[in-house]
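Residue numbers (my numbering): 3 to 86.
Structure follows, in structure tokens:
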């Protein structure tokens with residue numbers, strides 16, 4: 003949950019403040035944090051993504067190619083024992 007309001011799921015993090023404290027903010031509280039943290043307002047607002055690279059060197063997550071990755075194919079993943 004958002005560290006400021008404790009009510010909403012976080013959508014952004016402040017990678018500068020994250021060194022000293024939890025710094026995960028919902029959309030509304032991200033705006034509030036940006037008013038008190040110049041780094042966040044200028045360049046440090048980063049999205050929360052499902053990746054170990056979150057918060058590192060400007061990483062903002064990738065995208066999933068549903069057609070290429072086959073995640074929309076019935077029976078995915080295709081394992082050898084699917085034939086039995």
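Cβ coordinates follow ideal geometry from the N, Cα and C atoms, glycine included.
(message) For residue 34 and residue 22, what's the separation of their Cα atoms in angstroms?
(response) Rounded to whole angstroms, residue 34 and residue 22 show a C-alpha spacing of 18 Å.
(message) Run through the DSSP bridge pairs and tell me what residue 45 is partnered with.
(response) Paired residue(s): none; residue 45 is not in a bridge.
(request) Given a cut-off of 8 Å, decide if residue 26 and residue 5 are closer than it, judged by their beta-carbon atoms. (result) yes
(message) Relative to the C-alpha of residue 42, which candidate in 49, 3, 16, 24 has its C-alpha closest?
(response) 16
(message) Between the alpha carbons of residue 10 and residue 49, how many angstroms are there, rounded?
(response) 15 Å
(request) Measure the alpha-carbon distance for residue 47 versus residue 30 and round it to whole angstroms. (result) Taking the straight line joining both Cα atoms gives about 13 Å.
(request) Sort out for me which residues DSSP pairs residue 16 with in a bridge. (result) 47
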